[in-house]
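Reviewing the structure listed below.
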Ligand SMILES: [Fe+2]
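Chains as they are written, first to last, in this note's numbering: chain Y, 4 to 180; chain P, 7 to 252.
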């Protein structure tokens, strides 16, 4: 029997965030981009008490399995990061664009008011997305919520809507009871 | 303008939802007695998918990330915190019963008076200068973790009139896959507030709900020093892909 989840609550802010938690690479590193966006509730209001984590491959398509995500030394790419939102509901990671045939960032969302975590994916926009069987199985509006938007700067924008029109497509994994 | 609901109102809502046809083994995201969930639960069902790529790998943490002293929440601030010293100990295993080895466990909690060291906590109960209520450790080769801390106090919140959270410790856990990520809360046995709490009661299957409650374990208590609680955590998964099925 699986231990149930419970909400992250309002008071994680002095416990879970840590220095450079959201910097998978230093901002000055060549190739560094921001993956950023805003978390909205069902009324379209930004959620000021949400926390996100991402897991990803490097540009070579390989998912790193090295430690060092908490005490970041600025050289090792661990492929994992954590970002709390600011009072305007905005989060931002500094990272590298993942590689591979249909690259995406695995994303998990926690918030006060959200009784259990939500999983989703932020796909890197590109021509290969049309070939992905999972994406092809979705309605166009559901699919659109999973694809990050490339900005002129090279950054990627990925907003999250917990509820309502344009709700983000959340995921449950095979093998989940 | 309507008055805040009473505990009686909230308890009646909880009872009605518990009488529903299929007890939920995970929290019901749209559990209306927890008022903050109203605009924050998805209304479209999640899409079922085979995990792939980065989802198949949990982040890796090591001894460079976590200082062993971070597992004792009572020794890090110069003086001795007020309250009942306890140890909370247990194992993290996956759905197949396999230990989750050398993985990060994070905890945070209120102090003995029910106050968090968080600027948004307005509960008029004193901050303890010798207690922040934050800890980390890595599990051992058997999936075991151990925190020495102070038993947290219950605290009021604004869900409804005279609302109180039962004493609890927040836990953050990782498995061997990203898909196993879990944040939850550990409760104490015999707490009279648990039956009144819409967050705890959002897991409507009583047997699964009770998985959130630690057991008092006298064998973990130490002579003239502290009281022991045992709490084991079972993560979901591992989530297999069709390739594993052979
Ligand atoms: Fe709490």
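No residue lacks a Cβ here, since even glycine has one placed at the ideal position from N, Cα and C. As the structure is a computational prediction, the values presented were derived from the model and not from experiment.
Residue i vs residue j beta-carbon contact at 9 Å
i: residue 161 of chain Y; j: residue 185 of chain P; result: no
i: residue 156 of chain P; j: residue 89 of chain P; result: yes
i: residue 10 of chain Y; j: residue 81 of chain P; result: no
i: residue 201 of chain P; j: residue 17 of chain P; result: yes
i: residue 107 of chain Y; j: residue 124 of chain Y; result: yes
i: residue 159 of chain P; j: residue 118 of chain P; result: yes
i: residue 114 of chain Y; j: residue 53 of chain Y; result: yes
i: residue 173 of chain P; j: residue 194 of chain P; result: yes
i: residue 163 of chain P; j: residue 139 of chain P; result: no
i: residue 49 of chain Y; j: residue 88 of chain Y; result: yes
i: residue 33 of chain P; j: residue 173 of chain Y; result: no
i: residue 104 of chain Y; j: residue 131 of chain Y; result: yes
i: residue 73 of chain Y; j: residue 72 of chain P; result: yes
i: residue 7 of chain Y; j: residue 236 of chain P; result: no
i: residue 232 of chain Y; j: residue 83 of chain Y; result: Since the displayed chain Y opens at 4 and closes at 180, residue 232 of chain Y lies outside it and no answer follows.
i: residue 10 of chain P; j: residue 167 of chain P; result: yes
i: residue 68 of chain P; j: residue 108 of chain P; result: yes
i: residue 34 of chain Y; j: residue 62 of chain Y; result: yes
i: residue 186 of chain Y; j: residue 151 of chain Y; result: Examination of residue 186 of chain Y is not possible in this model, given that chain Y is present from 4 through 180 alone.
i: residue 106 of chain P; j: residue 181 of chain P; result: yes
i: residue 133 of chain P; j: residue 123 of chain P; result: yes
i: residue 120 of chain Y; j: residue 187 of chain P; result: yes
i: residue 99 of chain P; j: residue 149 of chain P; result: yes
i: residue 55 of chain Y; j: residue 15 of chain Y; result: no
Residues of its chain near residue i, where Cβ-Cβ distance is below 6 Å and the 5 sequence neighbours each way are ignored
i: residue 24 of chain Y; result: 85
i: residue 234 of chain P; result: 93, 223, 226, 227
i: residue 15 of chain P; result: none
i: residue 154 of chain P; result: 78, 80, 93
i: residue 45 of chain Y; result: 166, 167
i: residue 170 of chain Y; result: 164
i: residue 17 of chain Y; result: none
Where the alpha helix (DSSP H) through residue i begins and ends
i: residue 19 of chain P; result: 13-24
i: residue 54 of chain Y; result: First-last for residue 54 of chain Y: 53-58, but that is the beta strand (DSSP E), not the alpha helix (DSSP H).
Cut-off 8 Å between Cβ atoms - residues of its own chain near residue i, not counting five sequence neighbours on either side
i: residue 101 of chain P; result: 240, 241, 242, 243, 244
i: residue 229 of chain P; result: none
i: residue 91 of chain Y; result: 41, 49, 51
i: residue 141 of chain Y; result: 149, 172
i: residue 48 of chain P; result: 35
i: residue 231 of chain P; result: 91
i: residue 100 of chain Y; result: 34, 36, 62, 106, 127, 159
i: residue 141 of chain P; result: 76, 77, 78, 79, 112, 113, 114, 153, 155
Delimiting residues of the beta strand (DSSP E) encompassing residue i
i: residue 215 of chain P; result: That residue, residue 215 of chain P, is in no beta strand (DSSP E); its alpha helix (DSSP H) goes 212-215.
i: residue 46 of chain Y; result: Segment: none, residue 46 of chain Y is in no beta strand (DSSP E) and carries neither H nor E.
i: residue 94 of chain Y; result: 93-98
i: residue 83 of chain Y; result: 83-87
i: residue 114 of chain Y; result: 107-114
i: residue 235 of chain P; result: 233-236
i: residue 37 of chain P; result: No beta strand (DSSP E) holds residue 37 of chain P; DSSP gives it neither H nor E.
i: residue 66 of chain Y; result: Counting along the chain, residue 66 of chain Y falls outside any beta strand (DSSP E), and DSSP gives it neither H nor E.
i: residue 14 of chain Y; result: Per DSSP, residue 14 of chain Y belongs to no beta strand (DSSP E) and is neither H nor E.
i: residue 175 of chain Y; result: 174-176
i: residue 66 of chain P; result: Unbroken run through residue 66 of chain P: none, as it is neither H nor E.
i: residue 53 of chain P; result: 53-55
Spatial neighbours of residue i in its chain, beta-carbon cut-off 7 Å, leaving aside the 5 residues before and after
i: residue 62 of chain P; result: 183
i: residue 40 of chain P; result: 165, 204, 205, 208
i: residue 214 of chain P; result: 31
i: residue 153 of chain Y; result: 128, 159
i: residue 20 of chain P; result: 39, 204, 207
Residue i Cβ short of 8 Å to ligand 2 heavy atom set
i: residue 12 of chain Y; result: Ligand 2 is absent from the structure shown, which contains only ligand 1.
Item to check | Every unbroken alpha helix (DSSP H) within the stretch 120-163 of chain Y, with a cutoff of 4 residues, ordered by chain | outcome: Within the stretch 120-163 of chain Y, the complete alpha helix (DSSP H) segments at least 4 residues long are 136-139, 143-147, listed from N- to C-terminus.
Next on the checklist: Which runs of the alpha helix (DSSP H) at least 4 residues long sit entirely within the stretch 88-162 of chain P? Give them in chain order.
Outcome noted: Runs of the alpha helix (DSSP H) inside the stretch 88-162 of chain P: none found.
Item to check | beta strand (DSSP E) runs contained entirely in the stretch 171-206 of chain P, provided each spans 3 or more residues | outcome: The qualifying runs are 174-179, 188-193.
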